[in-house]
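Single-structure report; data block below.
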Amino acid sequence: MLACCYPWYTQQSWTRTQMSDLPTIQYNSGDDTTITRQLNFAASAGITGFISSWWDAGDKTDINFTKLLAHAASLEQQTHDHFASSLYIENDAPALNTPAKMITQLNYIKTQYGL
């Protein structure tokens, strides 16, 4: 079973002015402890992978996906259970709003991640 992952949150995301339904544990998506905790929570709930939102090369979603891959590999070494990771390309992102930009970003993804 896969779950969506939205790796763009920062501590500043968690205010009532930005969203009315705050999570129990407020977090920064790029924090290594947070990534490990979320992977462990997901795996213990029977989730076998994340589909991670992605906006642009060099964007925090890209940086945090790289971290997710590393942490998922560590989890797999510890548990011997594969944890899949894939991208959900947000095609409404400014970096992807033309065919040429989309091709550039897809080539980056292929080179960077082999996906």
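Counting from 1 along the sequence shown, just add 292 to a position and that's the residue number in the numbering used here. Where is the CB? At the ideal position from N, CA and C, for every residue including glycine. Owing to the predicted nature of the structure, the values given are computational and were not obtained by experimental measurement.
Taking the straight line between their C-alpha atoms, what separation do you get for A399 and A349? Position 107 of the sequence shown holds residue 399. Position 57 of the sequence shown holds residue 349. The residue asked about is misnamed: residue 399 is Asn in this sequence, not Ala. Cα atoms of N399 and A349: separation of roughly 10 Å, rounded to the nearest angstrom.
Which residue's Cα is closest to the Cα of P299: S312, Q330 and T316? The residue given as residue 299 occupies position 7 in the sequence shown. Per the C-alpha coordinates, the member of S312, Q330 and T316 positioned closest to P299 is Q330.
Just mark I317 as buried or exposed, buried being the case when its beta carbon has 16 or more other beta carbons within 10 Å. Locating residue 317 in the sequence shown gives position 25, where the first residue counts as 1. So I317 counts as exposed.
Hey, would you say I339 sits closer than 8 Å to M293, going by beta carbons? Here residue 339 corresponds to residue number 47 of the sequence shown, with the count starting at 1. Here residue 293 corresponds to residue number 1 of the sequence shown, with the count starting at 1. Result yes, Cβ atoms of I339 and M293 sit closer than 8 Å.
So who's on the other strand from L379, going by DSSP bridges? To locate residue 379, count along the sequence shown from 1; it is residue 87. The partner list for L379 (beta bridge, DSSP) reads S344.
Span of the beta strand (DSSP E) holding L294? One-based indexing of the sequence shown puts residue 294 at position 2. Note, L294: beta strand (DSSP E), L294 to C297.
The alpha helix (DSSP H) with A335 in it runs from where to where? Walking along the sequence shown from the start, residue 335 turns up at place 43. Residue range D324 to S336 is occupied by the alpha helix (DSSP H) that includes A335.
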